[in-house]
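Participant: Dropping a structure here in structure tokens format, bear with me for questions.
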Amino acid sequence: MDLLFTQALWVLGLLSDERLPEEVGIRGLEAGLDSEMFRMLACLTPSEVFEAHRLFEHILEAQRMPVLSRSEAAHIYAKNISSQILSGVLPPQDGANLLWDASIRVNDPSFHDLDTFIYAASELQSRPEDAEFFSREIIKEARDWVIPEEGRRK
-15 MDLLFTQALW VLGLLSDERL PEEVGIRGLE AGLDSEMFRM LACLTPSEVF
35 EAHRLFEHIL EAQRMPVLSR SEAAHIYAKN ISSQILSGVL PPQDGANLLW
85 DASIRVNDPS FHDLDTFIYA ASELQSRPED AEFFSREIIK EARDWVIPEE
135 GRRK
């Protein structure tokens, strides 16, 4: 279980409090992260889900997870989505659309870190005849997110 990625989803509003008992509580226990907070979260009933937010914050604190800003969460999400694009799990256009949505969720007009993906996704919609070109550009940008500059082949 990647708790940092899960937190990034939550910060961006891509993981609702209603899903925390299963996505964090149960999956955390399955991954061997056995603690009272994980057990309490996993056992929440639908009528108790209002407690999920507080329990998840306690879990993050107990696991010494950093408090993520929305832009930091978007970076973590972008690396994960980029990896999925590069591995072929996600088609480039689908990945770029997900990152476009994440950029909007940052809710900061000065945040432009995912603009290459947004531009390519936008152009793919309006210029389907150039899909191959924009898909290659999305893959190239995804590579930049996943492979540090010093590790890239020239």
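Start counting the sequence shown at -15; every next residue gets the next number (the working numbering). Every residue, glycine too, gets a C-beta built ideally from N, C-alpha and C.
1. DSSP state of Gln(-9), grouped into three classes?
2. Going residue by residue through the stretch 63 to 122, where are the continuous alpha helix (DSSP H) segments of at least 4 residues, counting only ones entirely within it?
3. What is the C-beta distance between Leu39 and Leu17, in whole angstroms, given that I count them as a contact (C-beta under 8 Å)?
4. Is the beta carbon of Ala104 closer than 9 Å to that of Phe139?
5. When DSSP labels each residue in this structure, what does Ser53 get in the three-state scheme?
6. Give the list of continuous alpha helix (DSSP H) stretches no shorter than 4 residues that lie fully inside the stretch 2 to 26.
7. Say whether the stretch 53 to 70 touches the stretch 5 to 21, bearing in mind that this needs 3 or more beta-carbon pairs closer than 8 Å, one atom from each stretch.
Facilitator: Checking against the coordinates, here is how it stands:
1. For the purposes of this step, residue -9 is taken as residue 7 along the sequence shown, with counting starting at 1. Helix at Gln(-9).
2. The alpha helix (DSSP H) runs lying completely inside the stretch 63 to 122 and spanning 4 residues or more are 76 to 90 and 99 to 110, given in chain order.
3. In the sequence shown, the residue the question calls residue 39 occupies position 55. In the sequence shown, the residue the question calls residue 17 occupies position 33. Contact flag wrong, Cβ pair sits at about 13 Å.
4. No answer is possible for residue 139: it lies beyond the span of the chain, which begins at -15 and ends at 138.
5. Sequence index remark: in the sequence shown, residue 53 carries index 69 (1-based). The answer is coil: DSSP assigns Ser53 none of H, G, I, E or B.
6. Here the runs fully enclosed are 11 to 14 and 20 to 26.
7. With the cut-off at 8 Å, the stretch 53 to 70 and the stretch 5 to 21 do not touch.
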